[in-house]
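Colleague: One structure is given below, represented as structure tokens, and several questions about it will come after.
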DNA sequence: TGTAAATATGACTATATAATCATATATCAG
DNA sequence: CTGATATATGATTATATAGTCATATTTACA
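Chains as they are written, first to last, in the working numbering: chain A, 7 to 121; chain B, 7 to 121.
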């Protein structure tokens, strides 16, 4: 019960919710992508990602200097279902739609600078 | 997005989670029932219920001195789905099973004292 | 009207969370 | 090894949350 509550608490912040929805839509994102989309300082983004990692929502994959975050594949069954529910409703969340759009724009010009 | 985050935050406390799962199983509960099941002081229970009410998770029905809490019927679609997901997993949450059992025990002897 | 019972709330304390600056760490290129 | 870049973290401040005692409010009923 405490574990489930902590899991929900990790989602109960608007920024982390946006991050999770972006990860769900995109698959893998690094910190600098999120800084661009969320328009937040690097340390703020990094701390939210650390919170999500502590709460078992995300895993990381290191590639050189870049660290890519992705939704954890082995999260508990209830988390997977919660994610699916969020996904079904993401299209009705204006901020989520806008975030996905601005991420797409950002990624389109990114390959010149980053892998 | 902020509204959804606040909605999730209301569920992200172990005690409120237990309350919501009890309401889902039982339908209507009053504060004194919850005091018995959760073994917490009246003010603590009352504050958690107020939090759930502020977050649109529960409605109340007054019957004399007793105030019965129930899950809000008109909560948003995503909340309804979240509840269904929780319900499907409640049987796997030992605390939830125990709470429902102790509530049943408490209610069995309650009619003598309360309506 | 006055009392008792159920619930709500003010006031306080302790703890957790969130934002942010400055700094540290890790990795790669040269 | 050195510098540059991406990310993490220490320290600080502001705010939110949670628990709890004491007290207020609401309702029923004698």
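No residue lacks a Cβ here, since even glycine has one placed at the ideal position from N, Cα and C.
Here's the rule: buried if 16 or more other CB atoms are within 10 angstroms of the residue's CB, otherwise exposed. What is residue 35 (chain B)?
Modeller: Indexing the second chain from 1 puts residue 35 (chain B) at position 29. Answer is buried; the Cβ neighbour count reaches 16.
Colleague: With H, G and I counted as helix, E and B as strand and the rest as coil, what does DSSP make of residue 99 (chain B)?
Modeller: Mapped onto the second chain, residue 99 (chain B) falls at position 93. Reduced to three states, the DSSP call for residue 99 (chain B) is coil.
Colleague: For residue 5 (chain B), which beta-bridge partners are listed by DSSP?
Modeller: Since the first residue of chain B shown is 7 and the last is 121, residue 5 (chain B) is not available in this structure.
Colleague: By DSSP's criteria, residue 35 (chain B) is part of a beta bridge. Which residues make up the other side?
Modeller: As a working mapping, residue 35 (chain B) is identified with position 29 in the second chain. According to DSSP, residue 35 (chain B) bridges with B:75.
Colleague: Tell me the DSSP bridge mates of residue 64 (chain B)?
Modeller: For this step, residue 64 (chain B) is matched to residue 58 along the second chain. Per DSSP, B:77.
Colleague: For a quick check, are the C-beta atoms of residue 5 (chain A) and residue 37 (chain A) less than 9 Å apart?
Modeller: Coverage of chain A is limited to positions 7 through 121, which leaves residue 5 (chain A) absent and any answer about it impossible.
Colleague: Name the residue from B:87, B:99, B:114 whose alpha carbon lies nearest to the alpha carbon of residue 23 (chain B).
Modeller: One-based indexing of the second chain puts residue 23 (chain B) at position 17. Nearest option by C-alpha distance: B:99.
Colleague: Would you say residue 69 (chain A) reaches chain B, if we count a Cβ-Cβ gap shorter than 9 Å as a contact?
Modeller: Counting from 1 along the first chain, the entry for residue 69 (chain A) is found at position 63. False, the Cβ-Cβ gap to chain B never drops below 9 Å.
Colleague: Quick one: grab the DSSP three-state call for residue 47 (chain A).
Modeller: Your numbering for residue 47 (chain A) matches position 41 in the first chain. In the structure shown, residue 47 (chain A) sits in coil (DSSP, three-state: anything other than H, G, I, E or B).
Colleague: Pull up the distance between the alpha-carbon of residue 31 (chain B) and that of residue 106 (chain B), whole angstroms please.
Modeller: As a working mapping, residue 31 (chain B) is identified with position 25 in the second chain. As a working mapping, residue 106 (chain B) is identified with position 100 in the second chain. Each residue's Cα considered, the two are about 7 Å apart.
Colleague: Taking the C-alpha atoms as reference points, what is the distance between residue 53 (chain A) and residue 21 (chain A)?
Modeller: Within the first chain, residue 53 (chain A) is the residue found at index 47, counting from 1. Within the first chain, residue 21 (chain A) is the residue found at index 15, counting from 1. If you draw a straight line from the Cα of residue 53 (chain A) to the Cα of residue 21 (chain A), it is about 11 Å long.
Colleague: I'd like to know whether the C-beta of residue 94 (chain A) is nearer than 9 Å to at least one C-beta of chain B.
Modeller: As a first step, residue 94 (chain A) must be located in the first chain, where it is residue number 88. Interface residue, yes.
Colleague: Give the residues of chain A in contact with residue 18 (chain B), contact being defined as C-beta atoms less than 7 Å apart.
Modeller: Within the second chain, residue 18 (chain B) is the residue found at index 12, counting from 1. Going along chain A in sequence order, the residues near residue 18 (chain B) (Cβ under 7 Å) are 11, 14, 15, 18.
Colleague: Quick check: the stretch 38 to 50 of chain B against the stretch 107 to 116 of chain B, are there 3 or more CB pairs under 8 Å?
Modeller: yes
Colleague: Can you tell me which of the three DSSP states residue 116 (chain A) falls into?
Modeller: Along the first chain, one-based indexing puts residue 116 (chain A) at 110. Reduced to three states, the DSSP call for residue 116 (chain A) is coil.
Colleague: Taking residue 87 (chain B) and residue 13 (chain A) to be in contact with their CB atoms under 8 Å, please state how far apart those CB atoms are, rounded to whole angstroms.
Modeller: The residue given as residue 87 (chain B) occupies position 81 in the second chain. The residue given as residue 13 (chain A) occupies position 7 in the first chain. The distance from the Cβ of residue 87 (chain B) to that of residue 13 (chain A) is about 17 Å, inconsistent with a contact at the 8 Å cut-off.
Colleague: At the 9 Å Cβ level, is residue 87 (chain B) part of the contact set with chain A, yes or no?
Modeller: Taking the second chain and counting its residues from 1, one reaches residue 87 (chain B) at position 81. The Cβ of residue 87 (chain B) sits closer than 9 Å to at least one Cβ of chain A.
Colleague: Kindly list, in the order they appear in chain A, the residues whose Cβ is closer than 8 Å to that of residue 102 (chain B).
Modeller: Along the second chain, one-based indexing puts residue 102 (chain B) at 96. Going along chain A in sequence order, the residues near residue 102 (chain B) (Cβ under 8 Å) are 7.
Colleague: May I ask you to report which of helix, strand or coil DSSP gives residue 105 (chain A)?
Modeller: Numbered from its first residue, the first chain carries residue 105 (chain A) at position 99. Residue 105 (chain A): helix per DSSP, three-state reduction.
Colleague: Can you give the Cα-Cα distance for residue 97 (chain A) and residue 93 (chain B), rounded to whole angstroms?
Modeller: As a position in the first chain, residue 97 (chain A) is number 91, starting the count at 1. As a position in the second chain, residue 93 (chain B) is number 87, starting the count at 1. Cα to Cα, the separation comes out at about 25 Å.
Colleague: Helix, strand or coil for residue 41 (chain A)? Go by DSSP, reduced to three states.
Modeller: To locate residue 41 (chain A), count along the first chain from 1; it is residue 35. Residue 41 (chain A) falls in the helix class under three-state DSSP.
Colleague: Can a CB atom of chain B be found closer than 9 Å to the CB of residue 91 (chain A)?
Modeller: Taking the first chain and counting its residues from 1, the one referred to as residue 91 (chain A) is at position 85. Judged by the 9 Å Cβ criterion, residue 91 (chain A) is in contact with chain B.
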